Each structure stands twice: as C-alpha cells, then as structure tokens.
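To start, the structure itself, in structure tokens.
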Amino acid sequence: MSVQDVIAQTIEEITPDLIELRRDLHAFPELSWQEHRTTDVVVAQVEKLGLRYERLDIGTGLTADVGPAEGPIVALRADLDALPVLDATQDPWRSRQPGIAHACGHDVHISALVGAAHALTRAHEEHGLPVRVRLLFQPAEEVMPGGALRVLREGALQGVARIYALHCDPSLDVGQVGLREGPITGASDHVHVVLSGRGGHTSRPHLTEDLTYALGSLITQMPAVLSRRFDPRAGVSLVWGQVAAGNAANVIPSVGELTGTLRMLDSAAWHDAERFVRGLIADIIEPFGVTAEITYTRGVPPVVNDFAATQSLRQAVTETLGVKGAASTPQSLGGEDFAWYLEAIPGAMGRLGTRTPDGPTYDLHQGNLRVDEQAISVGARVLAGVAARPLDA
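Every position in the sequence shown, counted from 1, becomes a number in my numbering once 71 is added.
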C-alpha cells in the first residue's frame, strides 16, 4: 500500500474511536488557559502511539513529533479551548460544564489531529515519512491576542518550515474543504472607551459637558469616518456591542462607556488602525469638553495563506476527497490566532465542512452548533495527507 492508502485505511479503522474521543471532549470543555483535562486526554493518545512529546510551559497544550529525527519539519495545529457559551443541544454528549461549550468545533479539530497522528505514525513505520511532522495542540485560541503568541515565544515552532490547520465551517457540507490563497480571515481588535465629564441636570445642558451626546456622536461618527480614512478595499468595520451611561431620564451622567470590535481585511490597515482610532476619538469628542480613556486591545492580524502551502493543501484535499472536495471560500472578518504563525512561517488554513448535506446550517459561537461527525475522519485524512507530502511536491 502507498502512504496515502495507509493513511486512509488507518483512519477508517479508528473513526469510531475518534468520534468517541470527540464526544468525550465535547462533554468536558475547558476555557482558554484552563485546558488541563483536555491536555491530559491528548497526552494519553500520543503516549499510546509512543511519540516524542513536550508539554508547553504555558501550563496547557503540547507538541508531539512523528517521523524522522532529522530533516524538514511540517507542523499541524489544533486548538484546545472552548467558549463561555451554554450548550443548547440535547445530545447525550452535551457539555457537563455549565456555561461552557465547544461552540466553535475545537473538539473536532483535536480529534482530527489525533486521527492524523495515528495515521502518520503507521505510515512512517511502514514507509518512512519524507518530513518530520510536529503535532501542535495549542491552548487559548479564543482570547485575544491568542495562545499562538505564547507558543511562538516558547520556541515550539523553531525549525518548522511550514504549518497547516483546518477550522470547522458549518456552511460547507461534510466532505468539502474551503480553500483560499492569500487572506482568508480578518483582523480583529477590541476598543473600549470610557468618557468622563461634568454632569448635571438635563434642564441645564449648557452648564454641563453633555457626555451622553458625546457618546452618541462616537457611536455614529466613528464607523462613518473610519470608512473615509481607510482604503475601502481594507473592509474596515467598527461595530459597537456595548453602551452604558446614566440611570435617570433627567440627569446628564458624568461617566459613560462604549465597547466594540474593529475588524478589517487588510494587514497594512490593521497595523495603522490603533493610531487612527485614538486620533479620531479625540477629534470627535473635542467640542464636548469631555475626556476619553481608551483601551485598545490589539487582537490578531488576518490569516494570510501562503501560495505554495495552499497548493499543497489543495492537492491533499483533491487526493483525499476528489476534485469536488476542494471548495472556494471567501475571506471573512472573523479573527483567528493562526495568523501569528503565518506571520512567522509559511502555511495555510482550510475550512472543514461540518454540515450534513441537505441538513440545517448552524453558526459558530452559538450554543446550538451541531456537526456531522464524519468531518472528523475527513479532517484527519486531509491533515495527514498534506503532512505526508514532500515539501517540494
């Protein structure tokens, strides 16, 4: 059998075990930086395979290597953390942790990478892999600026020539992987503004610093002005998610706040965004006499897929799923800390279809998310397939 045949056969044999693994992970989700049980579960899997592994100094997460001790290294990444979301499904394996759920499909990512580890281990034993494969189980993808930065600082990707990942996409049917060269996600930052001013009675606004009016001006003017200060092709989008000020109809408050997200499609715009936002806030509130305390939290840049890495991923998808398995996918404004890896080394992320054909379309980060569990074996085969290719193939 060829390497690809070994991968396919191995994953077919262990698919029931991978589904059980996913259900166990789904039942016991853990938040960012708290993925201790999840890490232990993965460690048990790699120990069973006899792989070399190291826990990350961060406290959760690990890396494990399969393949030759020398030569180029290709990394495969899965993220471990869940979300502070109530599991609204009624599946027997629904979350047993109140208010925490794998509502972004990371349980699928972990299970698929474990499946790839099994297949690659067997393929190396029978044929020898052309590269060493580093399996990266990363904590804290769901919090900004993401666990990827800590992984990089620890040197866990030192010597890695290329990195790949898959992310669940409930808008694609199972058996499809969405691919795109260049940017596939957006940059995402948090903006928190606290305004302070002299409050007073609403009958005498001229004797106050009308903070509520200033808040309203920021709410409406900031998105509009930003659209004229950035190249429209950058796709800059500021959306306020939280507004708070005042407790009575006849009192102008002295403190108010806004919180929102600033997203964009372009890396260059992202690097300039904080400077623009701080300057515009100062300009807009200046006529009102209020002061602003701005907390600007830089999140993640866009995930920008490398051309050669995307081509290798595409070939792995078509070899595994056929030509129809490779679907084109648009760039989204969602953030993903895999972007930090791609600022350091070439690589690519694909979107793993999780929708049952003709079934309902769910959304990520929602408590009712359900996935077609056949996506686990699909993801495992694709990840193993792209990792088992020579770098120059």
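We put the beta carbon where it would ideally sit given N, CA and C, even for glycine. In this text the structure is predicted, and so the values were computed from the model without any measurement.
Counting only runs of at least 3 residues, the stretch 95–161 fully encloses the following beta strand (DSSP E) elements, listed from N- to C-terminal order: 123–126, 133–137 and 144–150.
Per the Cβ contact rule, the stretch 228–247 is not in contact with the stretch 293–308 (fewer than 3 Cβ pairs under 8 Å).
If the five residues before and after glycine 142 are omitted, its C-beta is found closer than 7 Å to the C-beta atoms of Val202 and Arg203, all from its own chain and listed in chain order. When rounded, the separation of the alpha-carbon atoms in glutamine 161 and arginine 167 is 11 Å.
Taken in chain order, the complete alpha helix (DSSP H) segments of 4 residues or longer contained in the stretch 339–423 are 378–392 and 409–415.
The C-alpha of tyrosine 284 lies about 20 Å from the C-alpha of leucine 297. In this structure, DSSP gives leucine 462 a state outside helix and strand, which the three-state scheme calls coil.
Assignment of beta-bridge partners to histidine 272 by DSSP yields Val322. With respect to glutamate 212, aspartate 150 sits close: the two C-beta atoms are nearer than 8 Å. Taking 8 Å as the cut-off, the Cβ atoms of valine 449 and glycine 246 count as close. Residue state for histidine 436 is assigned as coil, using DSSP reduced to three classes. Positions of the alpha helix (DSSP H) runs, each at least 4 residues long and wholly inside the stretch 163–218, are given as 177–197 in order along the chain.
Contact between leucine 191 and phenylalanine 208 does not hold, since the beta-carbon distance rounds to 15 Å and is not under 8 Å.
The residue among Leu92, Ile129, Val326 and Gly370 with its C-alpha nearest the C-alpha of alanine 115 is Leu92. Here the stretch 251–269 lies against the stretch 356–376, with 3 or more beta-carbon pairs under 8 Å apart. Arginine 251 carries a coil assignment under DSSP once its states are collapsed to helix, strand and coil.
Here DSSP, grouped into helix, strand and coil, assigns serine 288 to helix. Secondary structure of proline 294 (DSSP, three-state): helix. DSSP places glutamine 313 inside the beta strand (DSSP E), whose first and last residues are 308–316. Around the beta carbon of serine 383, 16 or more other beta carbons sit within 10 angstroms, so the residue counts as buried. By the neighbour-count definition (other C-beta atoms within 10 Å, threshold 16), phenylalanine 378 is an exposed residue.
Per the coordinates, the alpha-carbon of leucine 223 lies some 12 Å from the alpha-carbon of alanine 410. Spatial neighbours of threonine 109 in its own chain (CB-CB distance under 6 Å, excluding positions within 5 residues in sequence) are listed in chain order as Glu101 and Leu151. The beta-carbon separation of arginine 422 and leucine 243, rounded to 6 Å, stays under the 8 Å limit for a contact. If you draw a 10 Å sphere on the C-beta of glycine 218, you find 16 or more other C-beta atoms in it, and that means buried. With contacts defined as CB atoms closer than 8 Å, glycine 424 and valine 248 qualify as a contacting pair. The shortest C-alpha to C-alpha distance from aspartate 76 to any of Pro169, Asp128, His198 and Ala188 is the one to His198. In terms of Cβ geometry, leucine 282 and alanine 363 do not form a close pair [threshold 8 Å]. Beta-bridge partners assigned by DSSP to isoleucine 234: Ala146 and Gly418. The stretch 438–447 and the stretch 384–398 do not touch, with fewer than three beta-carbon pairs separated by less than 8 Å.
Here the alpha carbons of isoleucine 290 and isoleucine 181 stand approximately 40 Å from one another. In the DSSP assignment, alanine 258 falls within the beta strand (DSSP E) that extends over 258–267. Note on valine 361: 16 or more other CB atoms within 10 angstroms of its CB, so buried under the neighbour-count rule. Close CB contacts of alanine 419 within its chain, under the 7 Å cut and outside five residues either way in sequence, are with Tyr235, Asn376, Asp377, Ala380, Thr381 and Leu384 (chain order). Per the DSSP secondary-structure output, arginine 334 pairs in a beta bridge with Ser259 and Ser308. Secondary structure at serine 448: helix, using DSSP grouped into helix, strand and coil.
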